[in-house]
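Shown next, in structure tokens, is the structure this report addresses.
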Amino acid sequence: MSGLPDNPDRQWTPSTQSELQRFVADNASGQKTPLYPVGGRTSLGLGYPRTAPGVTICMSGLKRTVDYPARDMTITVEPGLTLAELANQLAVERQQLPIDVPLAHRASVGGAVAKNIAGPRRFGYGTLRDYLIGVTAIDGQGRMFHAGGRVVKNVAGYDLCKLLVGSLGSLALISQLTFKLKPLPESAGTLVMGFSSFSAIDEALERLLTSAARPVALEVLNPMAARQVATESKLPLSVDTPLLMLRVEGTEREVECQLTTLQDELRHHSPTKTGVLSADDSARLLEVLSEYRVSSDDPLTFKANLLPSKAMQFAEWATQSGIAVQVHAGNGIVIGHLPDNVTSAPQIEGRIESLRSFARQRRGNLVILNCDSQWKRDLPLFGEPEPGWPLMERVKATLDPQNLLNPGIFLYGR
Amino acid sequence: MSGPSPPAAVSKELLDRLEGIVGRDGLICDLQELIVYECDGYVIEKKAPDVVVLPTSTEQIVEIVKVCNQYDVPFLPRGAGTSLAGGCLPVGGGVMIAVTRMRGILEVNLRDRYAVVEPGLVNVQLTQHLKGTGFHYAPDPSSQGACTIGGNVATNSGGPHTLKYGVTVNHVLGIEAVLPDGSLVELGGPSEDSPGYDLTGLFVGSEGTFGICTKVTVRLTRDPAAYRTMLAVFESVSDATNAISNIIGAGIVPAALEMMDQGIVEAVEGAFHFGFPLDAAAVVLIEVDGLDVVVEDEACQIIEICNQAGAREVRKANSPEERQLLWKCRKQAFGAIGRLSPSYCTQDGVVPRTRLPEILEFITQCASRHDIRIVNVFHAGDGNIHPILLFDERDAEQVQRVLHASDEILTKCLELGGSVTGEHGIGVEKISFMDKLFTTTDLEVMEGIRNVFNPDGRCSPHKLLPSAGACGMEHIEQSHPGRRAAL
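In structure tokens, the structure reads:
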């Protein structure tokens, strides 16, 4: 059964947090209409489709910067602010929220948190759960609650910030967020190396475990993905072998020093090609790598998570099946695009099942980031159920007992 | 529900059942021995548990919890008992489940950068085990020589390195826990991004109110390539806080930024003779870590900034031994306090870093208003203050003044936009502040979440969230502390 189409008349854009809270509370006691919060609409592919009509709540009206005490290295904003606008404000103070979010000019802060978006720099910087220190949110009952605070060190109360990161807007609508920040590095550089095989890359990755350098991203692309990235970025990347790309950041001297160190360390692993990208080219590459997960006419995009030591095996196997993959190699995250010769539901199911099983055996799982809506109902979008899922359903039931917030979007899809 | 009623003295039958699970030497029910467990680092309130059990396996803990449920008896976990907020205080009595015998390192995987440990493992022992591998376990609270990983999970422990490295929750990938109904659940795991809500993150810092963790999967962190460690001596607290502010403003994130005031310096100097000037108003330990070329540069900048802020002198460690020595003065500060006073209470508050001068000024005034002595050591980088209130616990009137002063300081922290606890937790000590920090709705939401895990309230009752009917000021009103369970 496919999702019902949006009724474009039933959209609403709150302009204040209290307006939003009143609406949700009234709805919970009155109409009990399903509510579908959206931000920049850049990651709506993730999650089970709607099966009931409701109200689309456009969070883009809530986009104030509430407080930015730069010397405290925290910022408090409303969820509709775009990542690009946030980055611009922070750059003035030479600070950043070091999370790679695709389509930053449209993507909203609230959406990024709800979907727990992350990209290449997660290796060096962590993910949004490591940066969200305070939140105001409105649950399905219309209760506006707060958790955390404005300070980076705070253990008062339960850590509901963690609960809301990656919750797909199914527990509460986030109406205000406080992040801790990092300094913005002066410069960056990327070492790009071709290797003859994934196992050669794996050996290089093992060497890098104790590198004297500290790259912030360890990216691997198979040739198919390398071609796509090269085309998109217009950078001269070699595309006939798997690629390992190491991003370093810091002062110019630090960047140069690390690039030299990395080349020295990996020289003996027989790279077939070596190149260094300038700061500007590195920025361009990072943008394209961040957007790889959404760059798609392909029938299905998945994200596998597994032990990093097994990621190259997975990449090898996926490559043999014609899947283009990007690997955040230090974190064991594989983004894959199924080729467009896979067209039927049984084919897709079979393919996904074997990939998922591979990941499962290596302590991981597999989530579908996006696919044709006709297939969504037939696929376990969030992988094999994890042991904690029943407990999670009870958490959902306590915050949204009437199942009004993005009903059925997550976990089992019901 | 505020908890099972009535508060129980455990029956002989229950003791027999428990003995059947853990064996005779896994059970402590002799009154003399139970006194050891009557309080943790928060000595102002004492209550002995009815029995202490020392399980050696997850299966035993499952059985213990089931038995407690059958007999409707409260229970709570305990690690090393280093909590400074009464986290291990068995309010209402019941069964204390001490996990200290479960202290194994079950798995270390350097390639995938994780380790799986038992909750009773002493924090520093994990890092010691990793020595030479190029990795360590980052969260290093000052009590790390005694505190346990399980306890760190319960309180989301911090320490001096949190500004750069984060707190415990940033380093926990997964938890196995016995829920209050006796069921066993695995949350998260060694790979990242396990699909689902982040219950691992929610569990960390839940202070034993969600269940008892029996295994923890932790992230391992690369050892830094190099360190530069400095100690800057200032004539005034405001000079020191200016310097700190400017260091952060320069885009440097020190690995540690620890400040000690004159009172602490006096104690430390008396105990260890480091050669610190006794008239310095503030001493700041600053450490940067990272690539050698970077830290060298940052150290130069820091020394320059400190001098511009009016530092009397800046000492720099030129060898690992000198570095250890500079750190010793910070790490042993608490040990030295015994020279100043028979008892002390370490408070734990947070303010935004930029408000540090105000809170420190307030603390000085507060001390004089209540006629008590307060010395300060704190994590200046993240605004986490630890005023240490000195007293003699035999002087009941002085104890009251200490409690009043303590409350005033925490209230001021809130006023300045901070929190009442940066790392020690709410425990029992700060339950009265929860309604100042959070709205009724906030507390209702939290209670709802707690009820998902702990619906009958038997596990760690009367912790963290205010109980129905409690007025919140018990700890001041009672002259003979021993918190009664709210009924």
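Protein chains in written order, with the numbering used here: chain L, 59 to 472; chain S, 312 to 798. Virtual Cβ for every residue (Gly too), placed ideally from N, Cα, C.
Through-space distance from residue j to residue i, alpha-carbon basis
| i | j | result |
| --- | --- | --- |
| alanine 362 of chain L | alanine 369 of chain L | 9 Å |
| arginine 795 of chain S | phenylalanine 203 of chain L | Because arginine 795 of chain S sits at a pLDDT of 33, beneath the cut-off of 50, its placement in the model cannot be relied upon, and the following sentence gives the value as read from the coordinates. Answer to the nearest angstrom: the Cα atoms are 30 Å apart. |
| glutamine 381 of chain S | leucine 602 of chain S | 57 Å |
| isoleucine 452 of chain S | glycine 469 of chain S | The sequence as given places proline at residue 452 of chain S; isoleucine does not occur at that position. Straight-line Cα distance between these residues: approximately 6 Å. |
| histidine 735 of chain S | methionine 541 of chain S | 27 Å |
| valine 594 of chain S | valine 496 of chain S | 47 Å |
| proline 401 of chain S | asparagine 765 of chain S | 16 Å |
| threonine 401 of chain L | alanine 128 of chain L | 51 Å |
| isoleucine 558 of chain S | glutamate 569 of chain S | 13 Å |
| glycine 783 of chain S | leucine 510 of chain S | Any reading at glycine 783 of chain S is ruled out, since the residue's pLDDT is 42, under 50, leaving its predicted position unreliable. |
| leucine 161 of chain L | glutamate 726 of chain S | 39 Å |
| methionine 407 of chain S | valine 364 of chain S | 6 Å |
| isoleucine 393 of chain L | leucine 358 of chain L | 11 Å |
| glutamate 487 of chain S | methionine 450 of chain L | 15 Å |
| valine 250 of chain L | glycine 390 of chain L | 19 Å |
| lysine 323 of chain S | isoleucine 523 of chain S | 24 Å |
| threonine 132 of chain L | valine 193 of chain L | 13 Å |
| arginine 472 of chain L | tyrosine 106 of chain L | 9 Å |
| serine 257 of chain L | methionine 413 of chain S | 39 Å |
| arginine 80 of chain L | glutamine 199 of chain L | 10 Å |
| phenylalanine 645 of chain S | glutamine 573 of chain S | 14 Å |
| glutamine 384 of chain L | threonine 319 of chain L | 25 Å |
| tryptophan 70 of chain L | alanine 83 of chain L | 15 Å |
| proline 360 of chain S | arginine 421 of chain L | 40 Å |
| histidine 791 of chain S | isoleucine 720 of chain S | Note that histidine 791 of chain S scores 31 on pLDDT, short of 50, meaning its location in the model is unreliable; the coordinates nonetheless yield the value given after this. Using only the alpha carbons, I get a separation of about 23 Å. |
One or two residues paired with residue i in a DSSP bridge
| i | result |
| --- | --- |
| valine 278 of chain L | L:Leu302 and L:Val385 |
| isoleucine 597 of chain S | S:Met541 and S:Leu568 |
| phenylalanine 446 of chain S | S:Arg533 |
| glutamine 711 of chain S | Note: glutamine 711 of chain S sits in no beta bridge, so no partner. |
| histidine 395 of chain L | L:Thr359 and L:Ala382 |
| asparagine 423 of chain L | L:Asn363 |
| lysine 820 of chain S | Because chain S is modelled from 312 through 798, residue 820 of chain S falls outside the range shown and cannot be assessed. |
| glycine 660 of chain S | S:Ile696 |
| glutamate 497 of chain S | S:Glu487 |
| threonine 132 of chain L | L:Lys238 |
Which listed residue (the options) has its alpha carbon closest to that of residue i
| i | options | result |
| --- | --- | --- |
| glycine 333 of chain L | L:Gln321, L:Gly182 and L:Arg342 | L:Gln321 |
| proline 588 of chain S | S:Gly621, S:Glu577, S:Glu598 and S:Val354 | S:Glu577 |
| alanine 165 of chain L | L:Thr91, L:Asp158, L:Leu141 and L:Gln316 | L:Leu141 |
| glycine 119 of chain L | L:Ser354, L:Gly103, L:Pro137 and L:Leu462 | L:Pro137 |
| serine 717 of chain S | S:Asp706, S:Phe702 and S:Gly728 | S:Phe702 |
| arginine 180 of chain L | L:Ser101, L:Ile157 and L:Met117 | L:Ile157 |
| serine 549 of chain S | S:Gly646, S:Ile670 and S:Thr473 | S:Ile670 |
| lysine 747 of chain S | S:Gly728, S:Asn762, S:Ala647 and S:Gly759 | S:Gly728 |
| alanine 760 of chain S | L:Leu144, L:Glu411 and L:Pro459 | Before going further, note that residue 760 of chain S is isoleucine rather than alanine in the sequence given. Among L:Leu144, L:Glu411 and L:Pro459, the Cα nearest to that of isoleucine 760 of chain S is on L:Pro459. |
| serine 101 of chain L | L:Arg452, L:Thr456, L:Cys429 and L:Glu323 | L:Cys429 |
| arginine 435 of chain L | L:Val124, L:Thr268 and L:Phe468 | L:Phe468 |
| threonine 532 of chain S | S:Arg424, S:Asp682, S:Asn687 and S:Glu580 | S:Arg424 |
| alanine 647 of chain S | S:Phe585, S:Glu609, S:Ile616 and S:Gly694 | S:Phe585 |
is_contact[residue i, chain C] using C-beta, thresh 8 Å
| i | result |
| --- | --- |
| valine 321 of chain S | The displayed structure is made up of protein chains L and S, and chain C is not among them. |
Cβ-heavy atom distance, residue i to the ligand ZN, below 7 Å
| i | result |
| --- | --- |
| valine 606 of chain S | Absence of the ligand ZN from the depicted structure is noted, as is the absence of any ligand whatsoever, leaving it without description. |
* Asked: Which of the residues in the stretch 508–525 of chain S, read from start to end, lie with their CB under 7 Å from any CB of chain L?
  -> Tyr508, Asp509, Leu510, Gly512, Leu513, Val515, Gly516 and Ser517
* Asked: Is there contact here, the stretch 142–156 of chain L with the stretch 198–216 of chain L, by at least three beta-carbon pairs under 8 Å?
  -> Here the stretch 142–156 of chain L does not lie against the stretch 198–216 of chain L, with fewer than 3 beta-carbon pairs under 8 Å apart.
* Asked: Are three or more beta carbon pairs between the stretch 622–635 of chain S and the stretch 644–662 of chain S nearer than 8 Å?
  -> no
* Would you be able to state if there are at least three C-beta pairs under 8 Å between the stretch 372–391 of chain L and the stretch 414–425 of chain L? => yes
* To do: Decide yes or no for the touch test of the stretch 213–225 of chain L against the stretch 744–763 of chain S: beta carbon pairs closer than 8 Å, at least 3 of them.
  => yes
* To do: Give, in chain order, every residue of the stretch 66–86 of chain L whose Cβ lies closer than 9 Å to some Cβ of chain S.
  => none
* Using a Cβ cut-off of 8 Å, which residues of the stretch 602–617 of chain S contact any Cβ in chain L, in chain order? -> Under the 8 Å Cβ criterion, the stretch 602–617 of chain S contributes Leu602, Val604, Val605 and Asp608.
* Asked: For the stretch 351–360 of chain S against the stretch 411–418 of chain S, are there 3 or more C-beta pairs whose distance is under 8 Å?
  -> no
* Asked: Are the stretch 546–561 of chain S and the stretch 664–678 of chain S in contact at 8 Å, needing three or more beta carbon pairs?
  -> yes
* Asked: Does the stretch 291–299 of chain L come close enough to the stretch 226–238 of chain L to have 3 or more Cβ pairs within less than 8 Å?
  -> no
* How about the stretch 498–510 of chain S and the stretch 434–445 of chain L: do they share at least three Cβ pairs that are nearer than 8 Å? -> yes
* To do: Could you please tell me which residues of the stretch 649–681 of chain S, in chain order, have their CB closer than 8 Å to any CB of chain L?
  => Result list: Val661, Val662, Pro663, Arg664 and Thr665.
* Asked: Going along the stretch 707–741 of chain S in order, which residues come within less than 7 Å of chain L, judged by CB to CB distance?
  -> Gly728, Gly729, Ser730, Val731, Thr732, Gly733, Glu734, Gly736 and Ile737
* Asked: Taking a cut of 7 Å between CB atoms, which residues from the stretch 360–394 of chain L lie near chain S?
  -> Asn363, Leu364, Leu365, Pro366, Ser367, Asn389, Gly390 and Ile391
* **Near-chain L residues of the stretch 433–464 of chain S (beta-carbon distance less than 7 Å), N- to C-terminal order** => Gly445
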